[in-house]
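Residue numbers (UniProt numbering): 1 to 102. For every residue, glycine included, the Cβ atom is placed at its ideal position computed from N, Cα and C.
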């Protein structure tokens, strides 16, 4: 009876210390491994970037010239027809033309 009581008390204290585990861990202290990973298991980040912002710069093969991008946008805009044009402003002010595209 006393032996049973000791086991019950030991189990209840273990549950209070570790409420997730339903039974005590079966790994002995001698065979337990440390949480420090081996150096061969850890992958180090590449050191190609010299500063924080170098990571966000595009490489030369992905680089697009801003003038080319603007020319393509202008050509795309000019391919659509002009829907209508009106003068913006009040009658007593200088008016400027405003063109509305699709």
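Q: Express the C-alpha separation of residue 73 and residue 67 in angstroms, rounding to a whole number.
A: For the purposes of this step, residue 67 is taken as residue 67 along the chain shown, with counting starting at 1. For the purposes of this step, residue 73 is taken as residue 73 along the chain shown, with counting starting at 1. Whole-angstrom Cα-Cα distance: 10 Å.
Q: Starting from residue 96, trace the alpha helix (DSSP H) both ways and give me its first and last residue.
A: In the chain shown, counting from the first residue as 1, residue 96 sits at position 96. Premise fails: residue 96 lies in the beta strand (DSSP E), 96-101, not in any alpha helix (DSSP H).
Q) So, residue 77 versus residue 88, is the Cβ gap smaller than 8 Å? A) As a working mapping, residue 77 is identified with position 77 in the chain shown. As a working mapping, residue 88 is identified with position 88 in the chain shown. No, these two residues do not count as a Cβ contact at 8 Å.
Q | Beta-ladder partner(s) of residue 67, from DSSP | A | Indexing the chain shown from 1 puts residue 67 at position 67. Beta-bridge partners of residue 67 (DSSP): none assigned.
Q. Measuring CB to CB, does residue 99 end up less than 8 Å from residue 80?
A. Counting from one through the chain shown, the residue named residue 99 turns up at place 99. Counting from one through the chain shown, the residue named residue 80 turns up at place 80. No, these two residues do not count as a Cβ contact at 8 Å.
Q. Within the present structure, is the beta-carbon of residue 55 separated from the nearest heavy atom of the ligand HEM by less than 7 Å?
A. Because no ligand of any kind appears in the structure shown, any question about the ligand HEM cannot be addressed here.
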